[in-house]
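Engineer:
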Amino acid sequence: MITPQFSCSQTEDSIIITLYCPSIRAADVEINVDDTLVTIHVNPYFLRLNFSNPVLEDEESSADYDPSIGNLTVTLTKENKGQIFDDLDLLAKLLAPRRSTQDPSPAIEVLSVENRPEDDLVTKAEALSLERDEFAEAEENDWQLPQKVPGELPPLNISVQSHYGFLDMYSGYLRHATHTENEINELGDAAESCTKAERRAKRLKHEDEKFDEEHYMADFVDDEYIQELIQWVHPHVSDPNPFEYTEKENAEMLRLPRKEYLATEVQTHNLYLTLITLLFSYMYDSRTSQHDPTSESAWTICNLTPSFTALDPPISSYYTGGCHTFSEDELQETLVPSYRRSLTFPLYRSFALSEKCREDVASIFRKGKRTVMRCLLEMKYILDHHEVYYIYSKVWLNDFCVWIQADASDDILGLIGKTLTDFKVDKASIGWELEELEAAAKRSMELQSDSDDETDGESDNS
Numbered sequence: 001m002i003t004p005q006f007s008c009s010q011t012e013d014s015i016i017i018t019l020y021c022p023s024i025r026a027a028d029v030e031i032n033v034d035d036t037l038v039t040i041h042v043n044p045y046f047l048r049l050n051f052s053n054p055v056l057e058d059e060e061s062s063a064d065y066d067p068s069i070g071n072l073t074v075t076l077t078k079e080n081k082g083q084i085f086d087d088l089d090l091l092a093k094l095l096a097p098r099r100s101t102q103d104p105s106p107a108i109e110v111l112s113v114e115n116r117p118e119d120d121l122v123t124k125a126e127a128l129s130l131e132r133d134e135f136a137e138a139e140e141n142d143w144q145l146p147q148k149v150p151g152e153l154p155p156l157n158i159s160v161q162s163h164y165g166f167l168d169m170y171s172g173y174l175r176h177a178t179h180t181e182n183e184i185n186e187l188g189d190a191a192e193s194c195t196k197a198e199r200r201a202k203r204l205k206h207e208d209e210k211f212d213e214e215h216y217m218a219d220f221v222d223d224e225y226i227q228e229l230i231q232w233v234h235p236h237v238s239d240p241n242p243f244e245y246t247e248k249e250n251a252e253m254l255r256l257p258r259k260e261y262l263a264t265e266v267q268t269h270n271l272y273l274t275l276i277t278l279l280f281s282y283m284y285d286s287r288t289s290q291h292d293p294t295s296e297s298a299w300t301i302c303n304l305t306p307s308f309t310a311l312d313p314p315i316s317s318y319y320t321g322g323c324h325t326f327s328e329d330e331l332q333e334t335l336v337p338s339y340r341r342s343l344t345f346p347l348y349r350s351f352a353l354s355e356k357c358r359e360d361v362a363s364i365f366r367k368g369k370r371t372v373m374r375c376l377l378e379m380k381y382i383l384d385h386h387e388v389y390y391i392y393s394k395v396w397l398n399d400f401c402v403w404i405q406a407d408a409s410d411d412i413l414g415l416i417g418k419t420l421t422d423f424k425v426d427k428a429s430i431g432w433e434l435e436e437l438e439a440a441a442k443r444s445m446e447l448q449s450d451s452d453d454e455t456d457g458e459s460d461n462s
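Using full-length UniProt numbering, the first residue of the sequence shown is number 1, and each one after it goes up by one.
(1) Spatial neighbours of H215 within its chain, please: C-beta separation below 8 Å, excluding the five flanking residues on both sides.
(2) Looking only at C-alpha atoms, which of S342, E296 and L335 sits nearest to H385?
(3) When you compare only the Cα positions, how much space is there between S409 and K442?
(4) Helix, strand or coil: how does DSSP classify C8 here?
(5) Identify whether I184 lies in helix, strand or coil by the three-state DSSP scheme.
(6) Nearest to S363 by CA position, among A310, D66 and L420, is which residue?
(7) Can you tell me where the beta strand (DSSP E) with E30 in it begins and where it stops?
(8) Which one of S9, G417 and K427 has the shortest CA to CA distance from T325?
(9) Would you check if the region 377-396 and the region 79-90 touch, i.e. whether three or more CB-CB distances between them fall below 8 Å?
(10) Let me know the secondary structure DSSP gives A96 once reduced to three states.
(11) Can you name, in chain order, every residue of its own chain whose Cβ lies under 7 Å from the Cβ of L256, other than the five neighbours on each side?
(12) Would you decide whether P106 is buried or exposed? Buried here means 16 or more other CB atoms lie within 10 Å of its CB.
(13) Out of G188, F365, L56 and E252, which one is the CA nearest neighbour of L76?
(14) Please work out which residues of its chain come closer than 6 Å, Cβ to Cβ, to T73, disregarding the five sequence neighbours upstream and downstream, and give them in chain order.
(15) Skipping 5 residues on each side, what residues in its chain have a beta carbon closer than 8 Å to that of D219?
(16) Based on the DSSP secondary-structure assignment, which residues constitute the bridge partners of S14?
(17) From S342 to L335, what distance separates their C-alpha atoms?
(18) Could you give the distance in angstroms between the alpha-carbon of A191 and the alpha-carbon of N185?
(19) Whose C-beta lies closer than 7 Å to the C-beta of L187 among residues of the same chain, with five residues either side of it excluded?
(20) What would DSSP say about F46, mapped onto helix, strand or coil?
(21) With a threshold of 6 Å on Cβ separation, who are the neighbours of R175 within its own chain once the five nearest residues in sequence on each side are excluded?
(22) For G368 and E247, what's the separation of their Cα atoms in angstroms?
(23) Enumerate in chain order the residues of its own chain whose CB-to-CB distance from P146 is below 8 Å, with the five nearest sequence positions on each side excluded.
(24) Using the three-state DSSP reduction, which class does N398 fall into: helix, strand or coil?
(25) Looking at the structure shown, is V38 part of a helix, part of a strand, or coil, going by DSSP?
(26) To which residues does DSSP link Y164 through a beta bridge?
(27) Using a Cβ-Cβ cut-off of 8 Å (strictly less than) and excluding sequence neighbours within five positions of E213, which residues of its own chain qualify?
(28) Going by C-alpha distance, which of V372, S14 and M445 is nearest A406?
(29) Helix, strand or coil, according to DSSP, for K148 in the structure here?
(30) Quick one: Cα of H41 to Cα of H291, how far?
Set out below in structure tokens:
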């Protein structure tokens, strides 16, 4: 079956669904309405939509087909007339399956376990062992048995295969990464087997090895062009027009997978943090290319994203429950890897430029999930058209685009954006003594200036 191109709109009393279905027989159209679920079938097209509120197929409903343009228009009555249906422009959300109402928790609960004869034997044997081996020691130490708090058990790993990507749903995509000219893969052949701790350790080591003090100081001293980049305004931030997806964006959304995600609260919390790092990489490339992607854009985006290059997304160590609160400590923990990478790998390495990218991310978050979605679609388009880095679109961006529309909250995005606006990353947390490097660069500039003045004075005296 083919999912047709479609759009949805509403009046005070009705929902209007317009499908592009050329060369069909209007008499063959089948429409079924079940509360919020609407299915429309006419060979070879099939469309299933799940609305936020219930609709009815009654006497006021209708279906009209215009063969001259191939449009089938279905009008359904709102069960509660005057009710506003949200997110009719988020096509992937409308296509998402209806959520299951079943409780996913285990259906079996162990209430009690009666002692078995063999359990009694074990207990008695342990008691005998204590009497023989430990009572004598206890008596010598005035019955003070030695004690210590048990250490934390190492994580149990029963498979050599590690998972990564959106909600750790993927594996196998990097099995032959070293043979595909994947220049951003920092894990090498171990990408499929590294633990999360090993990934982070390899990432930090690679960043420390690649950081170039001279490059950073040179960009700090000669920053004329970087200042021009900082002054540039991103069109998604400044656009005052009402939001409307383009035909290209609608077509891209229709190609997204149909998935439903059963994420826990802590997983959802970490997804928002990962989204910050994705948009930071996108904003750095957009700002340095003036929103005109180059042949290096895919490399730049991937290299600046820890969850791509080292499969190391941010995992909050400050999470205390609920995904509506984001502390400055965890935002610092989230952004520091992005800052480190922006000061290590791309052409322009400026802390001020990184700060501007953070401000861009804050502005995009404040605008809500539609603008966030637009940025992700642009990012996805860049990676989809790269012969190697498209895999990161498959394991991260496809799912993020679906999740943003169906599950992300504009309120939470706005809260993160507001927090990021006034937030500052501490230079000392980067770990490379940036303030000392900048002070040394300033002293070098002053010495150079004094030397030039002395030379000019000697020339005038002569």
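Just so it is clear, CB atoms sit at the ideal spot from N, CA and C, and this is done for glycine as well. Note that the coordinates shown come from a computational prediction; the quantities given were computed from them, not determined experimentally.
Structural biologist: Well, looking at it:
(1) R349
(2) E296
(3) 45 Å
(4) strand
(5) coil
(6) L420
(7) E30 to D34
(8) G417
(9) no
(10) coil
(11) A92, N398, C401 and V402
(12) At P106, the pLDDT of 45 sits below 50, so the modelled position is not reliable and the matter cannot be decided from this model.
(13) L56
(14) T18 and D64
(15) I226, Y348, R349 and S350
(16) T77
(17) 11 Å
(18) 8 Å
(19) C194, R199, K202, A310 and L311
(20) strand
(21) E192
(22) 20 Å
(23) Caution applies to P146, whose pLDDT of 47 falls short of 50 and renders its modelled position unreliable; the model cannot decide the point.
(24) helix
(25) strand
(26) Y170
(27) W432 and L437
(28) V372
(29) No answer about K148 holds up, because its pLDDT of 44 lies below 50 and its placement is not dependable.
(30) 41 Å
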